[in-house]
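One structure below.
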Amino acid sequence: MNKILFLLVACLLALAPTQDVAASLKTKKEKTDAKKEDKKKPQSTYDRLFKDTKKHTMSKGVMSIHQYEDKLYLELPLSLIGREFLITSGIKSSSDLALAGTSASESQSLFIDKTDSLILFRAPKANVRINEQDNAQRKAFALSQANAIYKAFPIEGYNTDSTSVFFEVTSYFSGSNKDLLDLKGRVYGGGMVGISGFSVESSASYTDGIEAFDKCISVMMVNTVKLSLSIMGLEMTEKPEATLGVQATLALLPEEKMHPREANPRVGTGYVSYSDYRVPNNSKEGYYATRRNITQDPIIFYLDTLIKPSWREAIIKSADAWNQSFKNIGLSAPIVVELYKSDSTFHANNPMINTISFINNDKSNIAAYNITDPRTGEIISSKVGVARNFAFTVRRKAVYQIADVDERFQNYHIPEDAVCEALAAYMLKAFGRSLGLETNLAGSMAYSPEQLRSPEFTRKNGITSSIMDDVMYNYLARPGDKERGVALIISKPGICDEFVLHYLYSPIEGDEEATLKQWAMEHDGDSRYFYGKTPIGVATDPRCQKGDLGNDPFAAIDAKVEHLKYVVKHSPEWFNDDNIPRDYKELFPDYVFIELYNNSLVPLVSYIGGIYLNEANVNSKQPTYQSVPYDLQKKAVQKTLDVCRDLKWLDSNREFLYLGGANTSMSDWTYANGVPMMNLLSRLSRMGLSVEKSSNPYTQREYLGDIEKYLFAEVRAGKPLSQSKIVQIGAYIGGLISLSPSLKSIQQSAMQSRSAITLNINNNLSLENLLAHCGEIKNIPDGESSKVSAMEPIQSVIYYQGTDIESICYEKLADARRYLQQSKSLVHDEIARGKCDFLIMLIDRILL
6 MNKILFLLVA CLLALAPTQD VAASLKTKKE KTDAKKEDKK KPQSTYDRLF
56 KDTKKHTMSK GVMSIHQYED KLYLELPLSL IGREFLITSG IKSSSDLALA
106 GTSASESQSL FIDKTDSLIL FRAPKANVRI NEQDNAQRKA FALSQANAIY
156 KAFPIEGYNT DSTSVFFEVT SYFSGSNKDL LDLKGRVYGG GMVGISGFSV
206 ESSASYTDGI EAFDKCISVM MVNTVKLSLS IMGLEMTEKP EATLGVQATL
256 ALLPEEKMHP REANPRVGTG YVSYSDYRVP NNSKEGYYAT RRNITQDPII
306 FYLDTLIKPS WREAIIKSAD AWNQSFKNIG LSAPIVVELY KSDSTFHANN
356 PMINTISFIN NDKSNIAAYN ITDPRTGEII SSKVGVARNF AFTVRRKAVY
406 QIADVDERFQ NYHIPEDAVC EALAAYMLKA FGRSLGLETN LAGSMAYSPE
456 QLRSPEFTRK NGITSSIMDD VMYNYLARPG DKERGVALII SKPGICDEFV
506 LHYLYSPIEG DEEATLKQWA MEHDGDSRYF YGKTPIGVAT DPRCQKGDLG
556 NDPFAAIDAK VEHLKYVVKH SPEWFNDDNI PRDYKELFPD YVFIELYNNS
606 LVPLVSYIGG IYLNEANVNS KQPTYQSVPY DLQKKAVQKT LDVCRDLKWL
656 DSNREFLYLG GANTSMSDWT YANGVPMMNL LSRLSRMGLS VEKSSNPYTQ
706 REYLGDIEKY LFAEVRAGKP LSQSKIVQIG AYIGGLISLS PSLKSIQQSA
756 MQSRSAITLN INNNLSLENL LAHCGEIKNI PDGESSKVSA MEPIQSVIYY
806 QGTDIESICY EKLADARRYL QQSKSLVHDE IARGKCDFLI MLIDRILL
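Here's what the structure looks like:
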C-alpha cells in the first residue's frame, strides 16, 4: 500500500512541470489569437480620434461635441442632415466693458448637408415670400433656389452603428471666423470712440469649454483682439487690445416655422428681411417683425439666484408691468419669472433659454440681446445681464438730473430703494427688447413740461410714451414735485409701447396684411405714437435725440442747467466719507461737463438745420419731410449762446473744482475746448437740406451772422473783448477755415501742416481737437451711395450735394478780422492785444 502511494506521488510530481508548460503555451496562444483578432477588427472612430482619454472631453445633446487637445469635433446624427441650423454668438465677458453682454456677430441660418466624404455648411435659400396660389411660381422657386456651399469639412468617420458622423470644426469655431465674431462698427469704451476694424491674436486665443444641450451645442472661446479705433470718422493711432469671452452656438431650428407678421416702418419693432416676389416682375425687400410665439408656451425667464432678493423683486415688478400691458390690450400675461433650478438638468448657460444673470465684473449697466430665427423673426431666447456695480449707473444718471428734487441722490451711497427703482426701469427696456420692441428715440418728446410736472398725468401716463427711449428720470421736475406725487422715473410701458404690443400679438381674422397697414396708420400725426429712429447728420430729426425730454427743448435745457447748478453748489457736502472711491470724486466734475454738453447742448443744437422726417404714406396727412421752422431754429441758436454766455457758475464752488484735483477754472476749460462753438459749427455744413426744403429758410449766412453778433457784441458796444470771448473766437476762426476746403488748403500750405490754432490761454485749442469734438464737419461728397431705408433709420440722402459755403466762410473771416482790429484799439493790456494780433495773423495767412 505504501509502495502504491509512493508511486502515485512520484507520478504527480513528474507531471507537474508538463502541465505548467501546457498552461503557459495555452495562454500565449490565446494572446496571439487575440492580437490576430484585433488586427482583423477595424479601429473605431473614437479610438482613432481620441487615443488618450485624459485629453478627451465630450458633451452629449441634440448632437455631441468633442474636444481633444486643441481640436474640436462634432458628432452629428445623420437624421439631422438636411435640417436648418442657427449660428449665433454672444460676448459673455470682456476687458472692454462696453462690449460685455452684447451679441458678437449677426445671427444667420445654415443647412448642413453631406456627400460621401464631406460635411457641407450651405447658406440657406433666400428668405422669400411668394404667391402661394401661383403653382408655377412655387415650382420655379423650388427649382431655382440652390443652397450655396460656404464651408466644407472632411468626414473623419462614423460611430459604431453608423448613425452619426464625425467631422473636425476647429477652424470654424475660432475668433477669426466673422460668422462668430465681428466687432466692426461697435462702440469702444462706452463713449464716442468706435471700432473701425480688428484682428485676432491667435497666440492669445483658445477654446475655453464645450457644452451640448437638447437643442444646440456651444463653444466658449477666449479671443484676444487688436482694435483699430476712430472717433467721429477720424482714425486713431492707438490700437488697444481687448480680451473677449465669446459663446458660439450652433442650434437646431424648428422644422415647423412660426407664422411671421409683417413689420411696418411706422411701428417700433425689430425685424428680419425677406425678398417679396408676390407681384409679378416686381420684387422688393420686405420685413418680418421680431416677436415671440406666445401661442405655444409661456415666456419663462430664469433668474439668477446670485442676484440679491431686493433686486429680484424689482425685476419681477418690471415683468409684471409688461404682463399688465398685455392684459390692457386684451391678451393673457405671457411672462413668467422663475429662479434658477437646482436640479442637474438645468444649465443657465444654455443659449436657447431666457436668462437674467448676474454679471460679476466692473460693468455697471444692463445688457440684453436676443437670439432670433432669421426665417420668421421668432425670438427664440433672450439673454439679460445685470451688473454687480449697477448702482454706479444710478449715480451716473440721477445725481446730475434730479438730486435737487429727490434727496436720496445727494449721497454716494444711493439707498437700496432708489437703486431698485432704477433697476426696474432698466429691466422694463430689457423685457421690451425681449418681446420684439425696438429703441424709439421719439418717445420722450411726446409730453409737455406742464404734463410732466402733473401728479395726475404722470401717475396715469408715466413720463414718456415709450420706455424704449433712452430717458430714465423726469428732469423737468422741480423741487417739491416729488412731494406732490409727480413721477420721477419710468415705471411702466407707455401708450406707444402698448400699441406696439397690440401690433405684434393681437390675433387677426381675415386679411392680416390689410389690418396691419390699417393699425399702423390709426395714429397718424399723433406724437405719442411716433416711432423715432436714429437720424443722420445731414437730415437730423430733432425729435429723435438721446437725452431729451418733453416737447419744449428750451424748458428742458433750463431745467437741466438748474439741476447742474445745484450739484455744483452742494456736491462736495455729499462726499465727505473717506470710503468713497477716489476716482469717483475725481471724475465727478467731468460728468457735470458731459451732462451739460452731451445731454443738454447736443439735443438743443439739433434743431438748427433740422428736418422732421415722417414715413411716406399716401394716406398720411403729414409731409414726408419738413424743415424745422425758421423761428425755432433761430431761437435754438440764441438759447445755446445764452446758456454758454456765462459759465462762471461752474467755478462758483472751489470745493467742487477740487474734487477733480487742483483745478482753477472749469468755465475757461470749457470755452478752451470749443464750447459752444464746436456744437454750433458742427451744424453749419448740415443746414443745406433744411435750407433747400424750406419756404422760409434760416440760411447759413444768417446763422453765422447771429454767432458773429454774439462773439463780437462787446466790440460793437465799444468795449474790449473778454478773455472767454477771445478763446471762443479762436475756435470760431478755426471752424470756418476747416469748413472751407480752399481755405483749409491755403492754411496747410502756410502753416506747413501745423495746427491752425495754438492759442495758449488755459488749454491748447487745436483744429484737430475741434474736429474730433464736432465730428465730420464737411460736405457730403458727390454721388453718395444710398442704402435702402425702410425699417432701418435713414442712411443717406440720394443725390444730395452739400451747399457750397466757402464764400460765406471767407466773408465771415474778413468780418472777424475787422472786429479784431477794432478790439485792439479798445484794449490797454499787452497780453490781450497780443492775442488779438495772433488771431489776426491766422486770418491773414489765409486771406492775404
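Going by our numbering, the sequence shown opens with residue 6, and the numbers climb by one from there.
Where a beta carbon is used, it is the ideal one built from N, C-alpha and C, also for glycine.
Owing to the predicted nature of the structure, the values given are computational and were not obtained by experimental measurement.
| Query | Result |
| --- | --- |
| For TYR193, which residues in the same chain have their Cβ closer than 7 Å to its Cβ, ignoring the five residues on either side in sequence? | ASP101, ALA103, GLY199, ILE200, LEU232 and LEU234 |
| Should GLY335 and GLU443 be called a contact, given that it needs their Cβ atoms to be closer than 8 Å? | no |
| In this structure, does DSSP put PHE843 in helix, strand or coil? | helix |
| Residues in the same chain with beta-carbon distance under 7 Å from ILE562, minus the five sequence neighbours each way, listed in chain order, please. | SER605, LEU609, LYS644 and VAL648 |
| Let me make sure I understand the geometry here. Which of SER69, ILE385 and TYR612 has the alpha-carbon closest to that of ALA544? | TYR612 |
| With 16 other CB atoms within 10 Å as the buried threshold, where does LYS497 fall? | buried |
| Is it the case that the Cβ atoms of LEU433 and ILE494 are separated by a distance below 8 Å? | no |
| Taking all protein chains shown into account, do 16 or more other C-beta atoms lie within 10 angstroms of the C-beta of ASP409, making it buried, or fewer, making it exposed? | buried |
| Which word fits GLU600, buried or exposed, when buried means at least 16 other C-beta atoms lie within 10 angstroms of its C-beta? | buried |
| Can you give, in chain order, each stretch of the beta strand (DSSP E) that sits fully within the region 591-653 and has at least 3 residues? | 616-618 and 630-632 |
| Can you tell me where the beta strand (DSSP E) holding ILE281 begins and where it ends? | Before going further, note that residue 281 is Asp rather than Ile in the sequence given. Its beta strand (DSSP E) spans residues 276-281. |
| For GLU343, which residues of its own chain have a beta-carbon under 8 Å away from its beta-carbon, when the five flanking residues on both sides are left out? | ILE305, PHE306, TYR307 and LEU308 |
| Relative to the C-alpha of VAL832, which residue among LYS639, GLU719, THR295 and ALA429 is closest? | GLU719 |
| How long is the line joining the alpha carbons of VAL391 and ASN365, rounded to whole angstroms? | 9 Å |
| How would you write the range of the beta strand (DSSP E) that PHE363 sits in, first residue to last? | 359-364 |
| In terms of residue numbering, what span does the beta strand (DSSP E) encompassing THR165 cover? | Taken as a continuous stretch (DSSP letters only), THR165 belongs to no beta strand (DSSP E), as it is neither H nor E. |
| Take MET683 as the anchor and find which of LEU852, TRP579, LYS538 and LEU646 has the nearest alpha-carbon. | LEU646 |
| For ASN354, name the three-state secondary structure that DSSP assigns. | coil |
| For my contact list, HIS575 and GLN415 are in at a C-beta cut-off of 8 Å; report their separation, rounded to the angstrom. | 7 Å |
| Pull up the distance between the alpha-carbon of GLU527 and that of VAL505, whole angstroms please. | 12 Å |
| Which first and last residues belong to the alpha helix (DSSP H) in which PHE178 is found? | Careful: PHE178 lies outside any alpha helix (DSSP H) and carries neither H nor E. |
| Taking the continuous beta strand (DSSP E) assigned at ASN375, which residues delimit it? | 371-377 |
| Along the beta strand (DSSP E) that carries ILE384, what are the first and last residues, could you check? | 384-392 |
| State the DSSP-derived secondary structure class of GLU660, mapped to helix, strand or coil. | helix |
| Tell me, please, which residues DSSP counts as bridged to PRO82. | SER169 |
| Helix, strand or coil: how does DSSP classify ILE785 here? | The predicted position of ILE785 is uncertain, since its pLDDT is 27 and thus under 50; no value can be drawn from it. |
| So who's on the other strand from CYS221, going by DSSP bridges? | ALA256 |
| What does the alpha-carbon distance come out to for the pair THR469 and TYR480? | 12 Å |
| Determine whether the beta carbon atoms of GLN638 and TYR703 lie at a separation below 8 Å. | yes |
| Short check: CB of LYS60 to CB of TYR78, under 8 Å? | no |
| Mind listing, in chain order, the continuous alpha helix (DSSP H) runs of no fewer than 4 residues lying wholly within the region 429-491? | 454-457, 460-466 and 486-489 |
| Excluding the 5 residues flanking LEU249 on each side, which residues of the same chain have their C-beta closer than 6 Å to its C-beta? | ILE96, SER99 and ASN228 |
| What's the gap between the Cα of GLN48 and the Cα of TYR431? | 57 Å |
| Can you give me the start and stop residues for the alpha helix (DSSP H) that TYR737 sits inside? | 728-743 |
| Could you tell me which of ILE70, SER828, ALA429 and ALA492 sits nearest to SER315, measuring between CA atoms? | ALA429 |
| At a cut-off of 7 Å, would you count ASN701 as near the ligand ADP, judging by its Cβ distance to the nearest heavy atom? | Annotation note on the ligand ADP: not contained in the displayed structure, which lists no ligands. |
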